[in-house]
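Participant: The following block contains the structure, expressed as structure tokens.
There are 2 protein chains.
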Amino acid sequence: MARTPPRPPRDAAPAPRAGKAVTIRDVAKVAGVSPITVSRALNNPELVTPDTLERVRAVVARTGYVPNFLAGSLRSRRSRVIAAVFPQITNSMFADAIQAFTDRLRAEGYEVLLGLSSYEQREDELIAGILGRRPEGIYLTGINHSPQTRRRLIASHIPVVEAWDLTPTPIDMLVGFSHEKAGAAMARHLLAKGHRRIGLVWGKDPRAGVRRRGIEEALAEAGIDAVPASLEPPPGKFQFGREGFADLLRRGERVSAVACSSDPLAQGVVAEAQQRGLRIPEDLAVIGFGDFDFAAHTSPSLTTIAIEKARIGQLAAEALIARIEGREVAERVVDVGFRLVEREST
Amino acid sequence: MARTPPRPPRDAAPAPRAGKAVTIRDVAKVAGVSPITVSRALNNPELVTPDTLERVRAVVARTGYVPNFLAGSLRSRRSRVIAAVFPQITNSMFADAIQAFTDRLRAEGYEVLLGLSSYEQREDELIAGILGRRPEGIYLTGINHSPQTRRRLIASHIPVVEAWDLTPTPIDMLVGFSHEKAGAAMARHLLAKGHRRIGLVWGKDPRAGVRRRGIEEALAEAGIDAVPASLEPPPGKFQFGREGFADLLRRGERVSAVACSSDPLAQGVVAEAQQRGLRIPEDLAVIGFGDFDFAAHTSPSLTTIAIEKARIGQLAAEALIARIEGREVAERVVDVGFRLVEREST
DNA sequence: GCCGGAAATGATACCGATACCATTTCCGGA
DNA sequence: TCCGGAAATGGTATCGGTATCATTTCCGGC
Numbered sequence: 022m023a024r025t026p027p028r029p030p031r032d033a034a035p036a037p038r039a040g041k042a043v044t045i046r047d048v049a050k051v052a053g054v055s056p057i058t059v060s061r062a063l064n065n066p067e068l069v070t071p072d073t074l075e076r077v078r079a080v081v082a083r084t085g086y087v088p089n090f091l092a093g094s095l096r097s098r099r100s101r102v103i104a105a106v107f108p109q110i111t112n113s114m115f116a117d118a119i120q121a122f123t124d125r126l127r128a129e130g131y132e133v134l135l136g137l138s139s140y141e142q143r144e145d146e147l148i149a150g151i152l153g154r155r156p157e158g159i160y161l162t163g164i165n166h167s168p169q170t171r172r173r174l175i176a177s178h179i180p181v182v183e184a185w186d187l188t189p190t191p192i193d194m195l196v197g198f199s200h201e202k203a204g205a206a207m208a209r210h211l212l213a214k215g216h217r218r219i220g221l222v223w224g225k226d227p228r229a230g231v232r233r234r235g236i237e238e239a240l241a242e243a244g245i246d247a248v249p250a251s252l253e254p255p256p257g258k259f260q261f262g263r264e265g266f267a268d269l270l271r272r273g274e275r276v277s278a279v280a281c282s283s284d285p286l287a288q289g290v291v292a293e294a295q296q297r298g299l300r301i302p303e304d305l306a307v308i309g310f311g312d313f314d315f316a317a318h319t320s321p322s323l324t325t326i327a328i329e330k331a332r333i334g335q336l337a338a339e340a341l342i343a344r345i346e347g348r349e350v351a352e353r354v355v356d357v358g359f360r361l362v363e364r365e366s367t
Numbered sequence: 022m023a024r025t026p027p028r029p030p031r032d033a034a035p036a037p038r039a040g041k042a043v044t045i046r047d048v049a050k051v052a053g054v055s056p057i058t059v060s061r062a063l064n065n066p067e068l069v070t071p072d073t074l075e076r077v078r079a080v081v082a083r084t085g086y087v088p089n090f091l092a093g094s095l096r097s098r099r100s101r102v103i104a105a106v107f108p109q110i111t112n113s114m115f116a117d118a119i120q121a122f123t124d125r126l127r128a129e130g131y132e133v134l135l136g137l138s139s140y141e142q143r144e145d146e147l148i149a150g151i152l153g154r155r156p157e158g159i160y161l162t163g164i165n166h167s168p169q170t171r172r173r174l175i176a177s178h179i180p181v182v183e184a185w186d187l188t189p190t191p192i193d194m195l196v197g198f199s200h201e202k203a204g205a206a207m208a209r210h211l212l213a214k215g216h217r218r219i220g221l222v223w224g225k226d227p228r229a230g231v232r233r234r235g236i237e238e239a240l241a242e243a244g245i246d247a248v249p250a251s252l253e254p255p256p257g258k259f260q261f262g263r264e265g266f267a268d269l270l271r272r273g274e275r276v277s278a279v280a281c282s283s284d285p286l287a288q289g290v291v292a293e294a295q296q297r298g299l300r301i302p303e304d305l306a307v308i309g310f311g312d313f314d315f316a317a318h319t320s321p322s323l324t325t326i327a328i329e330k331a332r333i334g335q336l337a338a339e340a341l342i343a344r345i346e347g348r349e350v351a352e353r354v355v356d357v358g359f360r361l362v363e364r365e366s367t
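Here the protein sequences come in this chain order: A and B. Here the first sequence stands for residues 22 to 367, numbered as in our numbering. Here the second sequence stands for residues 22 to 367, numbered as in our numbering.
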């Protein structure tokens, strides 16, 4: 019984001891160099003889060594992690931005820590947890943050990009556009089409609120003060659009046009109106927001506001990278603007 | 000139020394306890006197101490990070799963590291980078992984959930459904509606490929061997649906029904067909896949295959949590199934 | 063959928390 | 009052890398 334990079946090679993970010291020992040389071979191969490099790489491959970035990050103070906080990603315009942001950062060797704050007050807690992971940069959606969060972010001394909104006083950097102007553009478009009785089916998130103000101010300038609205909780689902329009009708609001805070809501309004026998745009004009992918391919196609979503993500990523690399960012506030796309629904 | 530098404008409170971050030792010193007691106050408050707890918390608040989880994770071997790898999130069904997955994990105090592999061979490299961060669990989309990646994951000894597909031999755990059966269900639906000339507008991702096989086999059983297809690169954009259908027509394929690998493609086909004066479903039946939010709200509404996307994310999260907490998972393979939803387009 | 500086490698300390075990404090019961 | 065990707290070592500085090796030019 008291025999030496049988060696594992396969792997005649220096079998990684079960349970104990391979460390840089193990690799160093097998390769006959010091740990720091292994570190250099992996991170700065140009500092190492081709011969040494090859030897180290061979041992790494053979042992299945996986460097522990937690340890490395702790010492070097470089986590190569960037955090991104979004309210949500279902049915939202943020997916494109996340994709572009992540792709850009991956190309530079960063990993992305994703936080979803659900439009609630969870942002504080979420960001506290994130900061503990020592990201090298943070992307935030929107500019409405609690004083505590602002303080924490400033104290952290890491680059911060706020996105999707506009303010002359960002925490650090910003990539976005004016929701007030976007709202005004929607209003003016409907006014130009001759509409005077305009209803809103609108999401309850903060940026949508600003767009609504933009609409109402533009309408007020045209002498229109009553703007009936049906408010829906995020996310902007098609179903909520249907219900919102039904709600307006139920309340007896007689509107010739409906503006929506997002395309899914707008398409929901279209669907509900069509079901009730209304012709679009003759009986009812509908305008959305976001230029979602489907907007150009429904029947009728949807007039909307287009945002360069992916560009926001990409610019935000680049701003963070620039800062991390010590380059000064010329424009701390970038306005990517928006574009009204007129289609068949208005 | 040689005056002491002016103290920072505000903050009469014990100003954190610029540059040097507050550590647990600083907090301990100010609170008059040992570092380990601070650690306990923050992580296991029940181990500490209410009095001590309050004192520590006060100091933490005053100094703005942010625990360094890199250090803690290194020592405790618990990163409280879970990684999730998706091919992409734009125009995809994964957004709902990510949302549910992330929400569930946040509730348990985990942060999510998001990897987007872009359907390319980047998965290997991506996962290597991720493993270095020592996540406590990994969510993977799909079951097609390189041998190297499989080996690495197994060697890492962390719980793995594969999702969106089905196999009796997952790396560890799995939550998904049978794409083969889903494809067959689509085919049978069209057959039942009397269609014999069926075309495909189809995405090129691996799981779509399996669904296609399911369709073709079911059609073959019905004696239909020629199934013209137009293949489109991911992501499944509406525009690609239009082009795909145009492509079929250009090639002279006369079809009475088109099956698509995703709803956006299907809606693109619908749009293109409508534009060419075809009535749906009389002249052309169209079936999609995924039951995207818009599918029920377009005109005509879209017949499709519904997946409980959020449930996949949630179950995957729960499986990982269970494993991490040492509970045995009864069902290592969970089939969430699918449901054909018949609407107006077929 | 010798010299000097660059290239390659190594020794040591350290990042900031927590595991582990030891010590002190506290409190009810004999 | 004393005792014993639980509760609270602390000392020290350690996780696994890399920064820093020191040392050794290498090589061309004189």
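All C-beta atoms in this analysis are idealised placements derived from N, C-alpha and C, irrespective of residue type, glycine included.
According to a CB-to-CB cut-off of less than 7 Å, which residues of the segment 75-106 of chain B neighbour chain A?
Facilitator: Per Cβ criterion, the list reads GLY85, VAL87, PRO88, ASN89, PHE90, LEU91, ALA92, SER94, LEU95 and SER100.
Participant: CA-CA distance, VAL362/A and GLY215/A?
Facilitator: Taking the first residue of the first sequence as 1, we reach residue 362/A at position 341. Taking the first residue of the first sequence as 1, we reach residue 215/A at position 194. Spanning the two alpha carbons is a distance of roughly 18 Å.
Participant: Could you check what DSSP says for MET194/A in three-state terms: helix, strand or coil?
Facilitator: Looking up residue 194/A in the first sequence gives position 173. In this structure, MET194/A counts as strand in the three-state DSSP scheme.
Participant: If you follow the beta strand (DSSP E) that ILE103/A is in, where does it begin and where does it stop?
Facilitator: The residue given as residue 103/A occupies position 82 in the first sequence. Residues 102-107.
Participant: Using beta carbons (cut-off 9 Å, strictly below), is VAL278/B in contact with chain A?
Facilitator: Taking the first residue of the second sequence as 1, we reach residue 278/B at position 257. One point to set straight first is that residue 278/B is Ala, not Val, in the sequence displayed. Output row for ALA278/B: interface = no.
Participant: Comparing alpha-carbon positions, which option in PHE315/A, GLY309/A and ALA338/A lies nearest ILE326/A?
Facilitator: Along the first sequence, read from residue 1 onward, the residue named residue 326/A stands at position 305. Among PHE315/A, GLY309/A and ALA338/A, the Cα nearest to that of ILE326/A is on GLY309/A.
Participant: Could you please tell me which residues of the segment 349-367 of chain B, in chain order, have their CB closer than 7 Å to any CB of chain A?
Facilitator: Taking 7 Å as the Cβ-Cβ cut-off against chain A, none of the residues of the segment 349-367 of chain B qualify.
Participant: Here's a check: name, in chain order, each residue in its chain whose Cβ is nearer than 7 Å to the Cβ of GLN260/A, leaving out the five neighbours to either side.
Facilitator: Residue numbering aside, residue 260/A sits at position 239 when the first sequence is read from its first letter. Excluding residues within five positions, the ones whose Cβ falls inside 7 Å are GLY289.
Participant: Suppose contacts are defined by Cβ-Cβ distances below 9 Å. Is GLY262/B in contact with GLU293/B by that definition?
Facilitator: By one-based count along the second sequence, residue 262/B stands at place 241. By one-based count along the second sequence, residue 293/B stands at place 272. Contact flag set, yes.
Participant: With DSSP run on the structure shown, which of helix, strand or coil describes ARG155/A?
Facilitator: Counting from 1 along the first sequence, the entry for residue 155/A is found at position 134. ARG155/A falls in the coil class under three-state DSSP.
Participant: On the DSSP letters alone, give me the boundaries of the beta strand (DSSP E) that LEU221/A sits inside.
Facilitator: Locating residue 221/A in the first sequence gives position 200, counting from the first residue. Element bounds for LEU221/A: 219-224.
Participant: Is SER100/A closer than 9 Å to PRO156/A when the C-beta atoms are compared?
Facilitator: Locating residue 156/A in the first sequence gives position 135, counting from the first residue. Locating residue 100/A in the first sequence gives position 79, counting from the first residue. Yes, the pair counts as a contact, with Cβ atoms nearer than the cut-off.
Participant: Starting from the beta carbon of ASN112/B, find every residue of chain A whose beta carbon is closer than 9 Å, and list them in chain order.
Facilitator: Position 91 of the second sequence, counted from the first residue, corresponds to residue 112/B. By Cβ distance, chain A contributes ALA116, ASP117 and ASP314.
Participant: Work out the CA separation of ALA287/B and PHE266/B for me, nearest whole Å.
Facilitator: Taking the second sequence and counting its residues from 1, the one referred to as residue 266/B is at position 245. Taking the second sequence and counting its residues from 1, the one referred to as residue 287/B is at position 266. Distance between the alpha carbons of PHE266/B and ALA287/B is about 9 Å.
Participant: Between the segment 145-153 of chain A and the segment 108-125 of chain A, do three or more beta carbon pairs fall short of 8 Å?
Facilitator: No, they do not touch.
Participant: Which residue's Cα is closest to the Cα of VAL279/A: ARG172/A, MET207/A and ARG348/A?
Facilitator: Translated into positions along the first sequence, residue 279/A becomes position 258. Of the candidates ARG172/A, MET207/A and ARG348/A, the one whose C-alpha sits nearest the C-alpha of VAL279/A is MET207/A.
Participant: Out of ARG353/A, PHE359/A, ASN112/A and ALA306/A, which has the shortest C-alpha to C-alpha gap to PRO189/A?
Facilitator: On the first sequence, position 168 is the one that residue 189/A refers to. With distances taken between Cα atoms, PRO189/A lies closest to ARG353/A.
Participant: Considering only C-alpha positions, which residue in the set ILE301/A, ILE164/A and ARG360/A is nearest to VAL231/A?
Facilitator: The count along the first sequence starts at 1 and reaches residue 231/A at position 210. Closest option to VAL231/A, Cα to Cα, is ILE164/A.
Participant: For a cutoff of 9 Å on Cβ pairs, would you count VAL291/A as touching chain B?
Facilitator: Position 270 of the first sequence, counting from 1, holds the residue named residue 291/A. So, interface residue.
Participant: Quick check: is the beta carbon of PRO285/A nearer than 9 Å to any beta carbon in chain B?
Facilitator: For the purposes of this step, residue 285/A is identified with residue 264 of the first sequence, where counting begins at 1. Yes - at least one Cβ of chain B is within 9 Å of the one on PRO285/A.
Participant: Taking the alpha-carbon positions, what's the SER322/B to GLY311/B distance?
Facilitator: Counting from one through the second sequence, the residue named residue 322/B turns up at place 301. Counting from one through the second sequence, the residue named residue 311/B turns up at place 290. Cα-Cα distance, rounded: 13 Å.
Participant: From HIS166/A to ALA82/A, what distance separates their C-alpha atoms?
Facilitator: In the first sequence, counting from the first residue as 1, residue 166/A sits at position 145. In the first sequence, counting from the first residue as 1, residue 82/A sits at position 61. Roughly 46 Å separates the two Cα atoms.
Participant: Considering only the beta carbon of each residue, do ARG348/B and GLU274/B sit closer than 9 Å?
Facilitator: As a first step, residue 348/B is located in the second sequence; it is residue number 327 there, counting from the start. As a first step, residue 274/B is located in the second sequence; it is residue number 253 there, counting from the start. No, Cβ-Cβ distance for ARG348/B and GLU274/B is not below 9 Å.
Participant: When DSSP labels each residue in this structure, what does LEU240/A get in the three-state scheme?
Facilitator: What you label residue 240/A is simply residue 219 of the first sequence in a count that begins at 1. It is helical.
Participant: State yes or no: is the C-beta of SER97/A nearer than 8 Å to some heavy atom of the ligand GTP?
Facilitator: As far as ligands go, the structure on display features none, and thus does not contain the ligand GTP.
Participant: From the beta carbon of ASP124/B, is the nearest beta carbon of chain A less than 9 Å away?
Facilitator: For the purposes of this step, residue 124/B is identified with residue 103 of the second sequence, where counting begins at 1. Yes, ASP124/B counts as interfacial toward chain A.
Participant: Taking just the CA atoms, how far does ILE57/A sit from GLY235/B?
Facilitator: Along the second sequence, read from residue 1 onward, the residue named residue 235/B stands at position 214. Along the first sequence, read from residue 1 onward, the residue named residue 57/A stands at position 36. Their backbone Cα atoms lie some 54 Å apart in a straight line.
Participant: Can you give me the C-alpha to C-alpha distance between ILE328/B and PRO285/B, rounded to a whole angstrom?
Facilitator: As a first step, residue 328/B must be located in the second sequence, where it is residue number 307. As a first step, residue 285/B must be located in the second sequence, where it is residue number 264. Computed Cα separation, rounded: 15 Å.
Participant: When you compare only the Cα positions, how much space is there between VAL276/B and ILE301/B?
Facilitator: By 1-based counting over the second sequence, the position of residue 276/B is 255. By 1-based counting over the second sequence, the position of residue 301/B is 280. Near 13 Å, if we compare the C-alpha coordinates of ILE301/B and VAL276/B.
Participant: Using DSSP with H/G/I as helix, E/B as strand and the rest coil, what is GLY358/B?
Facilitator: Locating residue 358/B in the second sequence gives position 337, where the first residue counts as 1. Correct three-state label for GLY358/B: coil.
Participant: Quick check: the Cα distance between VAL133/B and TYR160/B, rounded to an integer number of angstroms?
Facilitator: Walking along the second sequence from the start, residue 133/B turns up at place 112. Walking along the second sequence from the start, residue 160/B turns up at place 139. Looking at the two C-alpha atoms, the distance is approximately 10 Å.
Participant: Cα separation between ALA52/A and ARG154/B?
Facilitator: What you label residue 52/A is simply residue 31 of the first sequence in a count that begins at 1. What you label residue 154/B is simply residue 133 of the second sequence in a count that begins at 1. Looking at the two C-alpha atoms, the distance is approximately 24 Å.
Participant: Helix, strand or coil for PRO29/B, going by three-state DSSP, please let me know.
Facilitator: Walking along the second sequence from the start, residue 29/B turns up at place 8. The pLDDT assigned to PRO29/B is 32, lower than 50, so where the model puts this residue is not dependable, and the model offers no usable value.
Participant: Could you spell out where the beta strand (DSSP E) holding LEU323/A opens and where it closes?
Facilitator: The sequence position of residue 323/A within the first sequence is 302, counting from 1. Unbroken run through LEU323/A: none, as it is neither H nor E.
Participant: If you draw a straight line from the C-alpha of ARG332/B to the C-alpha of THR84/A, how long is it?
Facilitator: Your numbering for residue 332/B matches position 311 in the second sequence. Your numbering for residue 84/A matches position 63 in the first sequence. Between ARG332/B and THR84/A, the C-alpha separation is close to 38 Å.
Participant: With 9 Å as the threshold, decide whether the Cβ of GLY224/A is near any Cβ in chain B.
Facilitator: Stepping through the first sequence from its first residue, residue 224/A is reached at position 203. No - not a single Cβ of chain B is within 9 Å of the one on GLY224/A.
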